[in-house]
Amino acid sequence: MDDETGASPDAAKNEQSDGIFYGWYIVAAMFFATFVGVGTRQGFGVFVKAWEDDFGTSVGLISVAAGVGWAVNGLLQPIFGLLTDKYGGRRVMIISITGLGLSTIAVGLAPNVYFLIGMYGFVLSATSGGVFPTPMSSVVSRWFMRKRGTAISLFTAGGSAGGMIMVPFAAYLLIIADWRTAWFVMGGIMLLFALPLLAAIVRDDPSDMGLEQDGGSGRGANTDETDGHLSTPITISVAPLESGRWIDSFRSLPIWLLSSSFGVCGITTAIISVHFVRWAASEDISAGTAALAFGVLSAINGVGLILAGWISDHMPRKYLLTLVYGVRSIAFLGLIFLPGTAALWTFAVLGGASWLATLPLTSGLTADMYGLRNIGTLNGLAQMSHQIAGGTAVVVAGVVFAIWGTYNLIFGAGAVLLVLAGIASFAIQERKYSIRYQHPFHSNPVDVPVPVGSAGSDGD
Amino acid sequence: MWITNIVTASFGLLLHNSEAVDPILIEWIKHKIDEIFGVGAMPIVIVLGALMLVFPIGLMVLVWRRARRARGERS
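Next comes the structure, spelled out in structure tokens:
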């Protein structure tokens, strides 16, 4: 029988035919959608000069589109989370990537910079938020519990790959054609490849395909018998802190600890993203060397991300999250105390290793402790705190630098905040609240699947 | 002045979520690619384009084969 979205579940039902759990196909489809979606947004920087010449405008005005896009993308994450909980991530992603593809093509039709600001800053950035990361994290959390960290980190790595391949692709397209053609091509790839992949492969819940989380059979065969402390039932159980309404989650401490830590992640990454090259200039390091270091950082972040996700499936996630914040804190201190070039490369390695690793750990922990009922909304709120804190920090860092003429104060504050984020992560009582550590017979004995859309029936 | 710098810098956001790539970095990458391969823009576009499209096409084929096998086993 086809599921309610009209897709055939044949492929998934043949779970044993190729030995690969269907959830991994979903992760692969999401990887590509992230690759294209994030890659396209990152490609914005490639076209600034062309727009400057074509529209006869300033870099500052063009940059408004990127700045607005950043804010819009962050602010809408909770909305996409709510929609994901109510209607399912698949629908949200399909509609959003359609909008993303069309708005990408529309950017190619931009007659002036104001159209660009409206289309890129509002429409494209908003619709991209409906694809990555909130709906994806929520859907993947439904499909995986034991390998949740790995699965989230893998599709997130699509963004890193997008930066490495899609952005140079856009840059070279600009050479052989023009910027309009480049945006048409990128939009076309979304509509012709990413959209069909998501529509054909992604399902909201394993139960849509007659499957169970992690590919379980429902007879206990997939409890992790080799690792006693993670003996978790494969059926979707109610997590210890799961509640009917998302707002009730904020009556418990862990969500505050997670969200505030993730906000610090936003603060520290945004400061570096914007001010790294400028800091290098203030240290008499050439822009090319700084760009190379940032390139190294970007390459390392993909590896660090996947490793962090994988390791977190084999140990308490909070320890790894603490480690990630700790490592980044050391990287920030290095920027203050090490001489220019040594600081640059130390940061490229340490900062790169911890750059994106917080996402699978934070999303994974949220789902582990707060369950699946409101996971979209909770992930969306965490993303929003990340973006807003980051945006604010960029402005504050700019003001501080303008007044004191040094980044040391900013990096010092970043290091302190990262230590606090590490302490906050360490303080989370994961063994008490995470579903991974609940014995099936000792935990809340509710063992029913949590259907997509149940939030609506609970008064949300 | 600082606010102009900050706004100007906002497109320098890079590779953490989905912010725009730094123009300095992309110029450097382009320069390095040209230096290493020296083949011109068109072959690079073709190779990168092919690299991008192999993944979704391959994934679709895998899923299609899986579905076909499932139907075969059922009948």
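Top line first, the protein sequences correspond to chains A and B.
Be aware that the first sequence starts at 1, since it is given in this note's numbering, and climbs by one per residue.
Be aware that the second sequence starts at 1001, since it is given in this note's numbering, and climbs by one per residue.
Glycine included, each C-beta is placed from N, C-alpha and C at the ideal position.
Give a yes or no on whether 7 Å exceeds the smallest Cβ distance from A1050(B) to chain A.
The beta carbon of A1050(B) does not come within 7 Å of any beta carbon belonging to chain A, so the residue lies off that interface.
Under 8 Å by Cβ, that's how I've got G398(A) and A270(A) pegged, so tell me the actual separation to the nearest angstrom.
With a Cβ gap of about 11 Å, G398(A) and A270(A) do not count as contacting.
What are the boundary residues of the alpha helix (DSSP H) that includes A151(A)?
Start and end: R148 to A161.
Quick check on W256(A) - is its C-beta less than 7 Å from some C-beta in chain B?
no
Beta-carbon gap between A33(A) and V131(A) smaller than 7 Å:
For the 7 Å CB-CB criterion, A33(A) and V131(A) form a contact.
Whole-Å CB distance - V107(A) paired with M93(A), under 8 Å assumed
Going by Cβ atoms, the distance from V107(A) to M93(A) rounds to 20 Å, so no, they are not a contact pair.
Neighbourhood of G101(A) by C-beta distance below 6 Å, restricted to the same chain and skipping five residues each side:
The answer, listed in chain order, is G187, M190 and L191.
Using the beta-carbon count (16 or more within 10 Å), is H1031(B) buried or exposed?
Exposed: under 16 other Cβ atoms inside 10 Å.
Let me know the secondary structure DSSP gives I20(A) once reduced to three states.
coil
Looking at the unbroken alpha helix (DSSP H) that takes in A331(A), where does it start and where does it end?
R317 to F337
Check whether chain A comes within 7 Å of F1055(B), counting only Cβ atoms and requiring the distance to be less than that.
yes
Between the C-alpha atoms of S377(A) and A367(A), what's the straight-line distance to the nearest angstrom?
Residue identity check: residue 377(A) is Thr in the sequence provided, not Ser. Cα-Cα distance, rounded: 11 Å.
With a threshold of 7 Å between beta-carbons, can Y120(A) be considered close to chain B, or not?
Residue contact check for Y120(A) against chain B: no CB pair falls below 7 Å.
In chain D, which residues lie less than 8 Å from V1061(B) when you measure between Cβ atoms?
Of the protein chains in this structure, namely A and B, none is chain D.
In three-state DSSP terms, what is W355(A)?
Here W355(A) carries a coil assignment [DSSP, helix/strand/coil].
Exposed or buried, what is S286(A) when buried is set at 16 or more other beta-carbons lying within 10 Å of its beta-carbon?
exposed
Contacting residues, own chain, Cβ-Cβ under 6 Å from I388(A) (five flanking each side not counted):
G74
Can you find the residues in the same chain that come closer than 7 Å, C-beta to C-beta, to W183(A), ignoring five residues on each side of it along the sequence?
Within the same chain, W183(A) has close Cβ partners T104, I105, V107 and G108.
Any Cβ of chain A within less than 7 Å of the Cβ of V1047(B)?
no
Alpha helix (DSSP H) segment containing F479(A), residue limits
As displayed, chain A neither begins before 1 nor continues past 460, which places residue 479(A) out of reach and without an answer.
Can you find a CB in chain A that lies within less than 7 Å of the CB of I1036(B)?
I1036(B) does not count as touching chain A.
Assuming L1059(B) contacts A29(A) (C-beta within less than 8 Å), just tell me the rounded distance between them.
7 Å
Would you mind sorting V439(A) into buried or exposed? The rule is 16 or more other CB atoms within 10 Å of its CB.
Inspection of the sequence shows that residue 439(A) is occupied by His rather than by Val. Exposed, because fewer than 16 other Cβ atoms sit within 10 Å of the Cβ of H439(A).
Could you compute how far the alpha carbon of A199(A) sits from the alpha carbon of R90(A)?
R90(A) has its alpha-carbon roughly 8 Å from the corresponding atom of A199(A).
Are the region 398-412 of chain A and the region 253-264 of chain A touching, with three or more C-beta to C-beta distances below 8 Å?
no
Measure the C-alpha to C-alpha separation of R353(A) and E1073(B) and round it to an integer number of angstroms.
Note that residue 353(A) is Ala in the sequence shown, not Arg. The alpha-carbon atoms of A353(A) and E1073(B) are separated by roughly 45 Å.
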